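Read through the structure below, which is laid out as structure tokens, and then see the notes.
Numbering (the working numbering), first residue to last: 18 to 240.
Structure representation (structure tokens):
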């Protein structure tokens with residue numbers, strides 16, 4: 018029998034966040050969801066989730082959602098699809114989300130699991146994927162840099178939190194079909210991964226940690 022935990026999901030209304038929330042709920046855990054608008058996601062309250070409306074970069078809003086959490090999952094994204102232009106985009110976005118989480122949790126014992134971006138992975142030759150124009154559009158580099166600052170914020174935290182960045186491969190999509198997952202070293206892969214498999218990896222690592230730092234999620238057939 019698994020022990021029930023209190024899990025907070027930031028960005029629970031998004032594609033990854035909703036899959037993760039459903040997975041955590043299915044395992045019998047208590048879920049608090051931080052979303053900008055509960056009315057846009059009525060299924061959350063209908064599923065028994067405690068909904069907190071707020072901004073994931075606002076420490077006061079985040080504190081209301083994470084104060085009693087055993088684990089915090091960050092699946093926030095500033096937009097649902099790449100914008101036409103990144104002019105004016107705040108590259109400190111994810112750094113500020115992490116700062117708000119760290120300010121709101123009650124102790125360093127709280128597990129933090131955040132969904133990363135494959136563009137920040139390394140290639141076999143040591144280069145970062147975002148620096149290869151054939152693998153990652155140069156126009157999207159501000160988004161990759163924003164994600165990279167998230168890790169720096171976690172590494173620099175004075176409270177030494179228990180954290181993991183779970184990075185899906187470039188082949189993550191709603192159409193992908195994958196039966197389970199394996200965790201691998203964070204080196205670039207374009208394997209096809211389903212959101213359900215990503216959700217399973219994130220939920221498992223939030224409740225039953227096996228890794229720290231970062232890990233790549235691959236479909237089980239790859240491992």
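Beta carbons: idealized from backbone N, C-alpha and C, even for Gly. The structure displayed is predicted, hence computed values, not measured ones.
Compare the Cα-Cα distances from residue 97 to each of 28, 237 and 198 and report the closest residue.
Here residue 97 refers to the residue found at position 80 when the chain shown is read from its first residue. It is 28.
In the structure shown, what three-state DSSP assignment does residue 163 receive?
By one-based count along the chain shown, residue 163 stands at place 146. Looking at residue 163 - three-state DSSP - the assignment turns out to be helix.
Would you kindly check if the distance between the Cβ of residue 33 and the Cβ of residue 212 is under 8 angstroms?
Taking the chain shown and counting its residues from 1, one reaches residue 212 at position 195. Taking the chain shown and counting its residues from 1, one reaches residue 33 at position 16. Yes, they are a contact pair.
Taking 8 angstroms as the cut-off, does the region 161-178 touch the region 200-214 (at least 3 CB pairs, one atom from each stretch)?
no
DSSP state of residue 70 mapped onto helix, strand, coil
For the purposes of this step, residue 70 is taken as residue 53 along the chain shown, with counting starting at 1. Residue 70 falls in the strand class under three-state DSSP.
Segments assigned beta strand (DSSP E), at least 3 residues, entirely inside the region 94-180
128-132
Assess, as a yes-or-no matter, whether the region 47-56 is touched by the region 66-85 under the definition of 3 or more beta carbon pairs within less than 8 angstroms.
yes
At the level of alpha carbons, what is the spacing between residue 229 and residue 187?
Translated into positions along the chain shown, residue 229 becomes position 212. Translated into positions along the chain shown, residue 187 becomes position 170. Roughly 21 angstroms between the two C-alpha positions.
Three-state secondary structure (DSSP) of residue 219:
For the purposes of this step, residue 219 is taken as the residue at position 202 of the chain shown. Correct three-state label for residue 219: helix.
Within 8 angstroms, strictly: CB atoms of residue 130 and residue 192
For this step, residue 130 is matched to residue 113 along the chain shown. For this step, residue 192 is matched to residue 175 along the chain shown. Going by C-beta atoms, residue 130 is not nearer than 8 angstroms to residue 192.
Can you say whether residue 240 is buried or exposed, counting buried as having 16 or more other CB atoms within 10 angstroms of its CB?
Locating residue 240 in the chain shown gives position 223, counting from the first residue. Note that residue 240 scores a pLDDT of 46, beneath 50, so its modelled location is shaky; the value from the coordinates is reported in the next line. Classification for residue 240: exposed.
Looking at C-alpha atoms only, which residue of 149, 46, 194 and 107 is the closest neighbour of residue 20?
Working through the chain shown from its first residue, we reach residue 20 at position 3. Here the closest residue by C-alpha is 46.
If I follow the unbroken beta strand (DSSP E) through residue 89, where does it start and stop?
Reading the chain shown from its first residue, position 72 is the one you call residue 89. Element bounds for residue 89: 88-91.
Thinking just about the alpha-carbon of each residue, which of 183, 184, 203 and 209 is nearest to the one in residue 195?
Sequence index remark: in the chain shown, residue 195 carries index 178 (1-based). Minimum Cα distance to residue 195 is reached at 209.
Do you know whose CA, among 38, 88, 36 and 44, lies nearest residue 181's CA?
Locating residue 181 in the chain shown gives position 164, where the first residue counts as 1. Minimum Cα distance to residue 181 is reached at 88.
Which class does residue 193 belong to by DSSP, given the choice of helix, strand or coil?
If you number the chain shown from 1, residue 193 lands on position 176. It is coil, neither helix nor strand.
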